[in-house]
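Using my numbering, you'd call the opening residue of the sequence shown number 167 and step up by one each time.
C-beta atoms are modelled at their ideal positions from N, C-alpha and C, and glycine is treated no differently.
Note sheet for the following structure.
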Amino acid sequence: MFKALIGRLKQGYRTMDFPSAEIKLPPRFLGMPGIRHAACKGGCAKCVGVCPTGAITLLAEKPVLDLGRCIFCGKCAELCPGVFKFSGEYRLAARERKELFRGDEVVKRTRTLDSEMKRIFGRSLKLRQVSAGGCGACEADCNVLQTLTYDLGRFGVQFVASPRHADGLLITGPVTQNMKLALRKTYDATPTPKIVIAAGACAISGGIYSGHPETAGIPEEIPIDLYLPGCPPHPLTILDGILRLLGRIE
Ligand code: SF4
């Protein structure tokens, strides 16, 4: 008993100082890409060919990167380090799909819910996590949020077991044909008003499974309130996105 208490005292307080402290992630985390159009000669399209998920397209011969498709493999930066540079920035969330397309413009942080939704969900948000054919990586990072390091519950955000007890859904995975009906039923079972979060490249765009006949994607009639890019999204990307959506950080 005493040993356990002494051990606990030695461990001290382990929950990270988020969002007040500036958190620097290890260099292996690539984070927000920066694209320097001025350094791109334009038109060679090698970056388009090297990207495994079709995340890069050319607009007026200059690359545009879709964060909703990017799996952060870093191949574009290896090919053209002067043009593609990853900043390590984990704040990647966006409210609209079109906001995930990155050219060389300045990045804006995601917007909060409208005032009525903020009033309802701002202090307490219960989410039902739907793993719709995911590989387990996005799900694992959601799980990590509930450990004492991140302590998601201190923000009033919790994952719950039933959509009937939830204020919204957090969807991971490309939504396989087998999961399409289950997702639909889970969405319908969640009381309105509700929030829908698409977490990870697969949920946003199909990711590496995009175009496969077994990939159904999130149906258009399910409106998405928050996009969390990554493969998988870092737990801080998820946490930051949710807290910004709720207006808890700006
Ligand atoms: S880092 Fe993203 S955009 Fe670059 S090649 Fe990999 S998947 Fe494509």
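Extent of the continuous beta strand (DSSP E) run through residue i
i           : result
residue 405 : Per DSSP, residue 405 belongs to no beta strand (DSSP E); it is in the alpha helix (DSSP H), 401-411.
residue 293 : 291-297
residue 222 : 222-225
residue 335 : 334-338
residue 200 : 199-201
Check whether residue i and residue j have beta carbons under 8 Å apart
i           : j           : result
residue 318 : residue 191 : no
residue 248 : residue 202 : yes
residue 313 : residue 413 : no
residue 394 : residue 363 : yes
residue 181 : residue 373 : no
residue 323 : residue 347 : no
residue 333 : residue 287 : yes
residue 199 : residue 267 : no
residue 329 : residue 315 : no
residue 308 : residue 339 : no
Check: residue i C-beta below 7 Å from any heavy atom of ligand 2
i           : result
residue 308 : Of the ligands this structure carries, namely ligand 1, none is ligand 2.
Cross-strand partners of residue i (DSSP beta bridge)
i           : result
residue 268 : 231
residue 342 : 381
residue 251 : 200
residue 243 : According to DSSP, which records beta bridges pairwise, residue 243 is partnered with nothing at all.
N- and C-terminal bounds of the alpha helix (DSSP H) containing residue i
i           : result
residue 322 : Where residue 322 is concerned, there is no enclosing alpha helix (DSSP H), given that its DSSP letter is neither H nor E.
residue 173 : 168-177
residue 284 : 281-287
residue 208 : Residue 208 -> no alpha helix (DSSP H), and no H or E assigned at all.
residue 305 : 303-310
(message) My parser needs the beta strand (DSSP E) runs of 3 or more residues fully inside the segment 360-394; what are they?
(response) Fully enclosed beta strand (DSSP E) runs of 3 or longer: 361-365, 392-394.
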